[in-house]
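One structure below.
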Amino acid sequence: MKIATFNINGVKARFETLVQWLQDSAPDVALLQEIKSVDEAFPRDEIEALGYQVETHGQKSFNGVAILSKLPLEDVVRGLPGDDDDEQARWIEATVIGKTALRICGLYLPNGNPAPGPKYLYKLAWMERLHARAIELLAAEEPFLMAGDYNVIPQDEDAATPEVWHSDALAMPQTRQAFRQLLNLGFTEAFRAQTQGPEHYSFWDYQAGAWQRNNGIRIDHFLLSPECADLMTKCEIQAEMRGREKPSDHVPVWLELDN
DNA sequence: ATGACAATCAGAGATTGA
């Protein structure tokens, strides 16, 4: 099974790119972030016509996540549990019904800048809720994964210019600590389980020729439960997408499971 | 020190992103 996570930076602006990518790369499951669309405005019919079940959790203008799947999806949960007052659409869960059931969570973790400040506090609080939800899901001791735009640069090697990010919400010590605390529950960070070393990025800013200079950061991740990690055969970043026409500033990250 | 770039909503320019 081929699963991809992709922050598309607006489904309206990225529609042609998205359709082309689905046709070319044919993920079995695609987790999308920043659809920037309400559910009613998502191009559901067009995506369904490509053979996908479509489950969205959208909002107006910002954020918004979706799961597209060629296999049936069940038990969809919209919104990260733990705060009924949180109106930002950043979390969606579903169970993919294949040979064996796989619980999949798509997430768009808050950016948190400027830090310190209320937006950073929201990021840290969101990560605490993510930690709590992860404990609940791990308790099932079944294959499950959480993937998406974490807005976390885990280590200095995950940025082309690490010193620039040390006081940024994506890489501050508290951010990295919260991410480690998540990993320490028993997750495998799929990409680093397969590939070491610098110059592996999933985001390049639109500004200042960041792509041409390969001035990127790696912030889109797959976290796998132990039972899911056992099934992993491959994890790769589809960097070439950043060089296409009308690219998102993020590129897809792929996970292949032997399931 | 600032802006560079893109998307959204709205219908100009502010806001958000990372």
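Residue numbers (this note's numbering): 38 to 296.
Every residue, glycine too, gets a C-beta built ideally from N, C-alpha and C.
For Trp248, there is no enclosing beta strand (DSSP E), as DSSP gives it neither H nor E. The region 225 to 238 makes no contact with the region 160 to 179; the number of CB pairs closer than 8 Å stays below 3. Taking C-beta atoms as the reference points, Ala131 and Val113 count as a pair closer than 7 Å. According to the DSSP secondary-structure assignment, Lys271 is paired through a beta bridge with Glu293. Counting only runs of at least 3 residues, the region 144 to 196 fully encloses the following beta strand (DSSP E) elements, listed from N- to C-terminal order: 181 to 186.
Secondary structure note for Ala227: its alpha helix (DSSP H) is the uninterrupted segment 227 to 231. Annotated three-state conformation of Phe240 is strand, per DSSP. The Cβ atoms of Val48 and Ile72 lie closer than 7 Å to each other. Thr54 is bridged by DSSP to nothing; it lacks a bridge partner. Within the same chain, and ignoring the five residues on either side of Ala276 in sequence, the residues whose Cβ sits closer than 6 Å to its Cβ are Val288. Counted as a single uninterrupted DSSP element, the alpha helix (DSSP H) harbouring Ile84 occupies residues 81 to 85.
For the 7 Å CB-CB criterion, Arg115 and Ile129 form a contact. By the neighbour-count definition (other C-beta atoms within 10 Å, threshold 16), Val290 is a buried residue. Distance from the Cα of Leu69 is smallest, within the candidate group Ala266, Asp295, Ala184, for Ala184. Secondary structure of Ala138 (DSSP, three-state): strand.
In this structure, Gly95 keeps its C-beta atom at 7 Å or more from the C-beta atom of Asp65. Taking C-beta atoms as the reference points, Tyr89 and Leu110 fail to come closer than 7 Å.
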